[in-house]
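Numbering (my numbering) for the sequence shown: 5 to 280. Taking it in order: structure first as structure tokens, then the write-up.
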Amino acid sequence: MTGTLITVAPTGAESSKADVPALPVTLDELVSTAKECEALGAGVVHVHIRDGEARPTLDPGRLRETVAALRQSTDLIVQLSSGGAVTDPEADRLAVLDAGPDMASCTMGTVNFGDDVFMNRWEFIVELHTRMRERGIVPEYEIFDLGHLTTLARLLDKHGLPAGDHVHVDLVMGVPGGMPGTAEALVACRQAMRDLPEGTTFSATGIGRSTIPVMLASLSAGGHLRVGMEDTVTYAKGRPVESNMQLVARAVGFAQLAQRPPLTTTQARAFLGVPV
Ligand code: KMH
Ligand code: ZN
5 MTGTLITVAP TGAESSKADV PALPVTLDEL VSTAKECEAL GAGVVHVHIR
55 DGEARPTLDP GRLRETVAAL RQSTDLIVQL SSGGAVTDPE ADRLAVLDAG
105 PDMASCTMGT VNFGDDVFMN RWEFIVELHT RMRERGIVPE YEIFDLGHLT
155 TLARLLDKHG LPAGDHVHVD LVMGVPGGMP GTAEALVACR QAMRDLPEGT
205 TFSATGIGRS TIPVMLASLS AGGHLRVGME DTVTYAKGRP VESNMQLVAR
255 AVGFAQLAQR PPLTTTQARA FLGVPV
């Protein structure tokens, strides 16, 4: 595939609406952001939702409503976060799958996460992977550190390929406590992917100021892009991000410069093994 898969992660669980007023937190804000990002070239939306007070939530009813609304208004692949917030219990994170998304994230290990710990025990990872396959939900394996790729190789070896038979990973780089957002770290991950099934693909995102180096490194190494206000709230020094569209537009520009234009949503489904 010569194009670029662009994933937008518009909200996340870490920034507050008070600190980042442009963050989409209501269903209407999320849907209109998703529509505009799709029009610009996004193929996947990675979704965290908020409650009535804009706090992160994994409320099952709200998740179902969100999946339905995104399907009604866009052709984007709907990827729910099973990571949630660092405080979310495992049972609630597993129950995210009940909302029936096209995809869900599946993080490959525990990592220090700023001042917190993002806990992902081996047994929990196996449970998430297995339930996703049973339900035909395609995983995106989230990689916060090099060793997470070793865990993924072990998971696939012991528990088989995911739904869709295609393995796609997302390198989340530059989290304080995880791997740095550098070209060197990306190349190390790229090399470690040789131990994964042939045809494995990857996206990458750089948190904060590592967003641009990681985008450029990923495109250079044949990878794909994730951008959005979950990962980046500063566009350039002293300039807050105005909207997720601004970040998607920049990613599209970089992809076009690399002569790898954005995949359409139909191409993105074929690429990831997500049923139409
Ligand atoms: N909010 C982080 C603790 C995911 O979406 O799966 C976890 C996260 C990863 O964002
Ligand atoms: Zn996330």
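Ideal placement from N, C-alpha and C gives every residue a C-beta, glycine not left out.
Cβ shell of residue i (< 8 Å), same chain only, five flanking positions each side left out
i, result
"Thr61", "Ile53, Arg54 and Asp55"
"Met136", "Leu101, Ala108, Cys110, Val142, Pro143, Pro166 and Ala167"
"Phe258", "Met219, Leu220, Leu223 and Leu229"
"Pro217", "Gly185, Thr186, Ala187 and Gly210"
Segment limits, alpha helix (DSSP H) that includes residue i
i, result
"Pro105", "Neither: Pro105 is in no alpha helix (DSSP H) and is coded neither H nor E."
"Ala189", "Ala187 to Ala196"
"Val176", "From DSSP, Val176 is part of no alpha helix (DSSP H) but of the beta strand (DSSP E) over His172 to Met177."
"Leu165", "No alpha helix (DSSP H) holds Leu165; DSSP gives it neither H nor E."
"Pro64", "Pro64 to Ser77"
Contact set for residue i: own chain, Cβ-Cβ below 7 Å, skip 5 residues either direction
i, result
"Val142", "Asp106, Met107, Pro166, Ala167, Gly168, Leu276, Gly277 and Val278"
"Thr6", "Arg264"
"Leu98", "Glu131, Leu132 and Arg135"
"Cys193", "Ile147, Leu150, Leu153 and Leu175"
"Glu94", "Phe128"
"Leu261", "none"
"Gln250", "Tyr239"
"His163", "Val130, His133 and Thr134"
Counted within 10 angstroms of its Cβ, other Cβ atoms place residue i as buried (16 or more) or exposed
i, result
"Pro28", "buried"
"Gln263", "exposed"
"Thr15", "buried"
"Val191", "exposed"
"Val280", "exposed"
"Asp149", "buried"
"Pro266", "buried"
"Leu80", "buried"
"Arg273", "buried"
"Glu127", "exposed"
"Asp235", "buried"
"Val179", "buried"
"Ala43", "exposed"
"Gly87", "buried"
Other residues of its chain near residue i: CB distance less than 6 Å, five sequence neighbours each side excluded
i, result
"Lys21", "Leu27, Val29 and Ala58"
"Leu74", "Ala38 and Val82"
"Asn124", "Thr111, Gly113 and Thr114"
Segment limits, beta strand (DSSP E) that includes residue i
i, result
"Leu9", "First-last for Leu9: undefined, no H or E at that position."
- Message: Which runs of the beta strand (DSSP E) at least 3 residues long sit entirely within the region 16-61? Give them in chain order.
- Response: 48-51
- Message: Runs of 3 residues minimum, wholly inside the region 80-157: which ones carry the beta strand (DSSP E) assignment?
- Response: 81-84, 107-111, 115-117, 120-122 and 142-147
- Taking only runs of the beta strand (DSSP E) that begin and end inside the region 209-279, which ones reach a length of at least 3 residues, in chain order? 228-231 and 238-240
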